[in-house]
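Everything on this sheet refers to the single structure shown next.
Protein chains: 2
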Amino acid sequence: MQDIEAFLIDLDGTLYRGKEVIDDAPEFVKWLQTSGRRYLYVTNNSSRTPEQVAEHLRHLGIPARPEDVFTSSQVAAEYIKTDGRSGKRVFPVGEEGLCTSLTEAGCEIVEDGPADYVVQGIDRGFSYEKLKKASLLIQSGATFISTNVDKALPTEEGLLPGSGSLAAAIRTASGEEPLVMGKPAARMIDFAVERLGVSKERSVVVGDNLETDILAGVNAGVRTVLVLTGFSKEEHVATAQGRPTVVLRSLTDLRRHVEGTDK
Amino acid sequence: MQDIEAFLIDLDGTLYRGKEVIDDAPEFVKWLQTSGRRYLYVTNNSSRTPEQVAEHLRHLGIPARPEDVFTSSQVAAEYIKTDGRSGKRVFPVGEEGLCTSLTEAGCEIVEDGPADYVVQGIDRGFSYEKLKKASLLIQSGATFISTNVDKALPTEEGLLPGSGSLAAAIRTASGEEPLVMGKPAARMIDFAVERLGVSKERSVVVGDNLETDILAGVNAGVRTVLVLTGFSKEEHVATAQGRPTVVLRSLTDLRRHVEGTDK
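Protein sequences appear in the order of chains A and B. Just so we're aligned, residue 1 is where the first sequence starts under our numbering, counting upward by one. Just so we're aligned, residue 1001 is where the second sequence starts under our numbering, counting upward by one.
Written out as structure tokens, the structure is:
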């Protein structure tokens, strides 16, 4: 991997776990900076704005600017922006990060009345009324977009319902499958690589989750590194839908691997 | 079908369509009464109490007492009552009809704290908070029961999200499949036949929906009549998962068929 120029790095389980930084994460990012490599923090989190994500990273000692962050809400906004359809009216089922990304991309947020898109992410204000509006709009022809279909969110309270559980409700009620923006969809990696201006051949996805991070890289045709600091364990690799190019214990091991000093 | 003693009759699409009675429904039920046949109104509707359902039927000119009505909420209550487990604490995701049936069956309704069951039906007060509580309780070992998994509710506003769409959210978040009480589960027909005290051989399910009514009858090993006054069309029969014993245009035709005067 000595030829890698760009790193698409996952957050939870890769740079931190909940509120705790993973020991070698700050040092790893500083090495990326000093060695002139490019990187983007690529997250399925749709509720936080890039500013909020960057602030959380800096709070943990990890260098981060808003422009270093790429969320699934931004992918949704990017998708709509570049979609050929003229209408940009969006009914959102989501939180602040989603609405901010959509507004910044020139979408018109509508709470009532017709819409061209229903864009859904994690929404802790989800209700039957929102489900009903979303379903009726989709049945009337609005395009159904889901920022990500993660089934559950690991938190200190336990595994809480993720964006994918809300997507399941809307899909069942409307009879339409969503266009998925976040990992494991290739779309997120495609947009990220484009944003960094680096070729796919010189990019790598780094993450802790075989089902989202690694599968997204595989789907997009980009090399992948599974770090064993989060969700997936080494024994899951053999049966995974998408297999990583390399499995490494830590970001420090990744640095050594890229530098060729692990031989 | 001249040997049939008991009729398990669906409501919407069979006796009425929304707020309008189907012309020959009152006369058909009166014929059942005067000819000494037994019947039960068997509905997946979990939000109304038997009293409310009976009142709606009487308003449409159809004879009905609360004890003639069997709802999917009552099946859930019956199931818990006869289940071997000692605890009867239930976290409900549902409306009045559900809570009433559960309370009448001796269940303890809990809004917070541990529960032995999560029982879910249509709930127009559904929220992320309820989804979260339900999912955490199921992950902690509570049995997940869904009154019915109808995907959508046909109304004057259009196809609104049905109980099945809420079940999909809870299933996705918790990773557990629900025990389904209503049609097409055989359970509902088994309980209904038991309640009427008639053998399965002498019973028939009458309904307008191949996917719920007819499949429930097939699953329970009971004869079925599809009436073409509601959801399913004759051309859907050939590809249906469960095939009706007889397809008839109307309840009047069913009466003639049972009397043997249609030859």
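For every residue, glycine included, the Cβ atom is placed at its ideal position computed from N, Cα and C. As the structure is a computational prediction, the values presented were derived from the model and not from experiment.
Residue burial classification, Pro1066 (chain B) (beta-carbon count within 10 angstroms, cutoff 16): The residue given as residue 1066 (chain B) occupies position 66 in the second sequence. Answer is exposed; the Cβ neighbour count stays below 16.
For Ala185 (chain A), the three-state DSSP class (helix, strand or coil): Here residue 185 (chain A) refers to the residue found at position 185 of the first sequence. Here Ala185 (chain A) sits in coil by DSSP.
Unbroken stretches of the beta strand (DSSP E), 3 residues or longer, contained in the segment 1212-1254 of chain B: Contiguous beta strand (DSSP E) elements confined to the segment 1212-1254 of chain B occur at 1223-1227, 1246-1248, taking only those with 3 or more residues.
Given Val1258 (chain B) as reference, the closest of B:Asn1219, B:Ile1109, B:Val1206, B:Glu1234 once Cα atoms are compared: Position 258 of the second sequence holds residue 1258 (chain B). The option with the nearest alpha carbon to Val1258 (chain B) is B:Val1206.
Contacts around Arg195 (chain A), its chain only, beta-carbon distance under 7 Å, and the 5 residues preceding and following it disregarded: What you label residue 195 (chain A) is simply residue 195 of the first sequence in a count that begins at 1. So the qualifying residues of the chain are Leu40, Phe70.
Straight-line Cα distance separating Val119 (chain A) from Thr147 (chain A): On the first sequence, position 147 is the one that residue 147 (chain A) refers to. On the first sequence, position 119 is the one that residue 119 (chain A) refers to. One C-alpha to the other measures close to 7 Å.
Per-residue DSSP class, three states only, for Phe992 (chain B): With chain B covering only 1001 through 1263, there is no way to say anything about residue 992 (chain B).
Beta carbon proximity, Lys183 (chain A) to chain B, threshold 8 Å: Numbered from its first residue, the first sequence carries residue 183 (chain A) at position 183. By this cut-off, Lys183 (chain A) is not an interface position.
Gly1158 (chain B), DSSP secondary structure in three states: The sequence position of residue 1158 (chain B) within the second sequence is 158, counting from 1. Annotated three-state conformation of Gly1158 (chain B) is strand, per DSSP.
Residue range of the alpha helix (DSSP H) that includes Ser203 (chain A): On the first sequence, position 203 is the one that residue 203 (chain A) refers to. For Ser203 (chain A), there is no enclosing alpha helix (DSSP H); the enclosing beta strand (DSSP E) covers residues 203-207.
Short CB-CB distance (under 8 Å) between Gly1123 (chain B) and chain A: In the second sequence, residue 1123 (chain B) corresponds to position 123, counting from 1. Note on residue identity: the sequence assigns Asp, not Gly, to residue 1123 (chain B). So, interface residue.
Chain A within 8 Å of Thr1239 (chain B), Cβ atoms only: The residue you call residue 1239 (chain B) lines up with position 239 of the second sequence. Against chain A, the CB of Thr1239 (chain B) has no partner CB under 8 Å away; the residue lies outside that interface.
Neighbour flag for Leu11 (chain A) against chain B, beta carbons, 8 Å: Looking up residue 11 (chain A) in the first sequence gives position 11. Not closer than 8 Å to any Cβ of chain B, the Cβ of Leu11 (chain A) fails to qualify, so no.
For Phe126 (chain A) and Asp1262 (chain B), the rounded distance between their alpha carbons: Counted from its first residue, the second sequence places residue 1262 (chain B) at position 262. Counted from its first residue, the first sequence places residue 126 (chain A) at position 126. Rounded to the nearest angstrom, the two C-alpha atoms are 54 Å apart.
Burial state of Asp23 (chain A) (16 or more Cβ within 10 Å): Counting from 1 along the first sequence, the entry for residue 23 (chain A) is found at position 23. Residue environment: Asp23 (chain A) is assigned as exposed (fewer than 16 neighbouring CB atoms within 10 Å of its CB, all protein chains considered).
Within chain A, partners of Gly1158 (chain B) - CB distance below 7 Å: Position 158 of the second sequence, counting from 1, holds the residue named residue 1158 (chain B). Chain A residues near Gly1158 (chain B): Leu136, Gln139.
Cross-chain neighbours of Tyr39 (chain A) in chain B, by beta carbon under 9 Å: For the purposes of this step, residue 39 (chain A) is identified with residue 39 of the first sequence, where counting begins at 1. Near Tyr39 (chain A) there are no residues of chain B at all, since even the closest Cβ is about 32 Å away, more than 9 Å.
Three-way DSSP call (helix, strand, coil) for Ser86 (chain A) in this model: To locate residue 86 (chain A), count along the first sequence from 1; it is residue 86. Of the three classes helix, strand and coil, the one that applies to Ser86 (chain A) here is coil, per DSSP.
C-beta atoms of Val1093 (chain B) and Glu1108 (chain B) nearer than 8 Å: Counting from 1 along the second sequence, the entry for residue 1093 (chain B) is found at position 93. Counting from 1 along the second sequence, the entry for residue 1108 (chain B) is found at position 108. Glu1108 (chain B) sits away from Val1093 (chain B), with the two beta carbons spaced by 8 Å or more.
Contact set for Leu248 (chain A): own chain, Cβ-Cβ below 8 Å, skip 5 residues either direction: Residue numbering aside, residue 248 (chain A) sits at position 248 when the first sequence is read from its first letter. Excluding residues within five positions, the ones whose Cβ falls inside 8 Å are Val225, Leu226, Val227, Leu228, Leu254, His257.
Below-8 Å beta-carbon distance, Ala142 (chain A) vs any chain B residue: On the first sequence, residue 142 (chain A) is found 142 positions in, with the first residue counted as 1. Between Ala142 (chain A) and chain B, the shortest Cβ-Cβ separation is not below 8 Å.
Residue range of the beta strand (DSSP E) that includes Ile1145 (chain B): Stepping through the second sequence from its first residue, residue 1145 (chain B) is reached at position 145. 1143-1146 is the extent of the beta strand (DSSP E) around Ile1145 (chain B).
Beta-carbon proximity check, Ala1173 (chain B) vs Ala173 (chain A), cutoff 8 Å: For the purposes of this step, residue 1173 (chain B) is identified with residue 173 of the second sequence, where counting begins at 1. For the purposes of this step, residue 173 (chain A) is identified with residue 173 of the first sequence, where counting begins at 1. Contact: no.
CB of Val1149 (chain B) within 8 Å of CB of Ala1167 (chain B), strictly: For this step, residue 1149 (chain B) is matched to residue 149 along the second sequence. For this step, residue 1167 (chain B) is matched to residue 167 along the second sequence. Contact flag set, yes.
C-alpha distance - Leu160 (chain A) paired with Asp1213 (chain B), whole-angstrom precision: The sequence position of residue 160 (chain A) within the first sequence is 160, counting from 1. The sequence position of residue 1213 (chain B) within the second sequence is 213, counting from 1. C-alpha separation (whole angstroms): 35 Å.
Residues bridged to Pro92 (chain A) [DSSP beta-bridge criterion]: Residue mapping note: residue 92 (chain A) aligns to position 92 of the first sequence, counting from 1. For Pro92 (chain A), the pairing in a beta bridge is given by DSSP as A:Val119.
Meets three-Cβ-pair contact criterion under 8 Å: the segment 1235-1247 of chain B and the segment 1051-1065 of chain B: No: fewer than three Cβ pairs fall under 8 Å.
Nearest-angstrom beta carbon gap, Thr14 (chain A) and Asp208 (chain A) [assumed within contact, 8 Å]: Taking the first sequence and counting its residues from 1, one reaches residue 208 (chain A) at position 208. Taking the first sequence and counting its residues from 1, one reaches residue 14 (chain A) at position 14. Contact holds; Cβ gap of about 5 Å.
Amino acids of chain B, ordered along the chain, whose beta-carbon sits closer than 9 Å to that of Gly162 (chain A): Taking the first sequence and counting its residues from 1, one reaches residue 162 (chain A) at position 162. The contacting residues are Thr1172, Ala1173.
Buried or exposed by the 16-neighbour rule on C-beta atoms within 10 Å, applied to Pro114 (chain A): Position 114 of the first sequence, counting from 1, holds the residue named residue 114 (chain A). It counts as exposed.
Helix, strand or coil at Glu108 (chain A) according to DSSP, with G and I counted as helix: Along the first sequence, read from residue 1 onward, the residue named residue 108 (chain A) stands at position 108. Here Glu108 (chain A) sits in strand by DSSP.
Which listed residue (B:Ala1238, B:Glu1157, B:Gly1036) has its alpha carbon closest to that of Glu1005 (chain B): To locate residue 1005 (chain B), count along the second sequence from 1; it is residue 5. Checking every option, the nearest Cα to that of Glu1005 (chain B) belongs to B:Gly1036.
Alpha-carbon to alpha-carbon, Lys1030 (chain B) and Ile1062 (chain B): In the second sequence, residue 1062 (chain B) corresponds to position 62, counting from 1. In the second sequence, residue 1030 (chain B) corresponds to position 30, counting from 1. Rounded to the nearest angstrom, the two C-alpha atoms are 8 Å apart.
Residues near Ala77 (chain A) in its chain [Cβ-Cβ closer than 6 Å; skip 5 each side]: The sequence position of residue 77 (chain A) within the first sequence is 77, counting from 1. Cβ contact annotation for Ala77 (chain A) (same chain, cutoff 6 Å, sequence separation greater than five): Ser101, Leu102, Ala105, in chain order.
Proximity winner among B:Lys1088, B:Glu1055, B:Cys1099, relative to Asp1116 (chain B) (alpha-carbon distances): Here the question's residue 1116 (chain B) lines up with position 116 in the second sequence. When each option's Cα is compared against that of Asp1116 (chain B), the closest is B:Lys1088.
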